[in-house]
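Here is the structure we will look at.
In the UniProt record's numbering, the protein residues as written are 1 to 264.
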């Protein structure tokens, strides 16, 4: 099922069929779950004048390859900002929760430009697209990913973190303008920053995820985007990390912070 068809289901009904091809182990890839929640939020607000400002997601429990129910509640609709909560349900239990704020631009005398500068990676043509490892999660087949710095996951690196280029695989996804839901799906595809330090294959999963949007998204689904992750701290089975996403013109699109559960 194409993402467009999935989004159409979400726009038209509370109940949706989660598509195949998105497994991350035995459960559904968290980025797809986040994208579904975001699509429900956008459909509920139905106001093109308000763009996504920030979103927080808590992954309460594992989402299975089965029907899911999405419910939305607009918590407040102000003159500038609208805040909405979306929940994903399976087996009569909440499995994921999204809280997002959308807003219109407002006049302000305050202007600060201290954005994290995009790394100067070699061009896509100078690098090699990562091949899908047989033991890697199924969902990675949805994207093309290029490591430009740092090591691959599970290679016993002495330090964490990496960065590179990525996009939706043109063989899997038709080209069209990227939407907020697509941003959530794509941004979460990169594994946690500590995974290069793993010496053997072992799980890691997002516990919660906060995203702040900076510049409006002006990319198409098959455009290359740039990514870099920084691990602030890891210990006692958890990691805290920040990540940054730029478009091909080095415009900072979004900043991410995650708490990750570590099983190694």
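Ideal Cβ placement from N, Cα and C applies to all residues, glycine included.
In the pairwise beta carbon analysis, the stretch 63-76 is classified as touching the stretch 25-35: at least three pairs are separated by under 8 Å.
Residue 30 sits in a helix when the DSSP states are folded into three classes. Residue pairing by DSSP puts residue 204 in a beta bridge opposite 262. Restricting attention to alpha helix (DSSP H) runs no shorter than 4 residues, the stretch 30-69 encloses them at 30-45, ordered along the chain. For residue 134, the three-state secondary structure derived from DSSP is coil. Residue 78 and residue 87 have their C-alpha atoms roughly 22 Å apart.
Its Cα nearest to that of residue 124, the residue 167 stands out among 43, 167, 113, 98.
Residue 83 sits buried, since 16 or more C-beta atoms from the chains shown fall within 10 Å of its C-beta.
With fewer than 16 other Cβ atoms inside 10 Å of its own Cβ, residue 15 counts as exposed. The beta-carbon distance between residue 184 and residue 31, rounded to whole angstroms, is 6 Å. This is short enough to meet the 8 Å contact definition.
Note that the C-beta distance between residue 132 and residue 141 is below 8 Å. Spanning the alpha carbons of residue 152 and residue 220 requires a straight line of approximately 27 Å.
A straight-line Cα-Cα distance of about 13 Å links residue 19 and residue 35. For residue 188, no alpha helix (DSSP H) encloses it, and the DSSP letter there is neither H nor E. In the structure shown, residue 161 adopts coil according to DSSP, grouped into three states.
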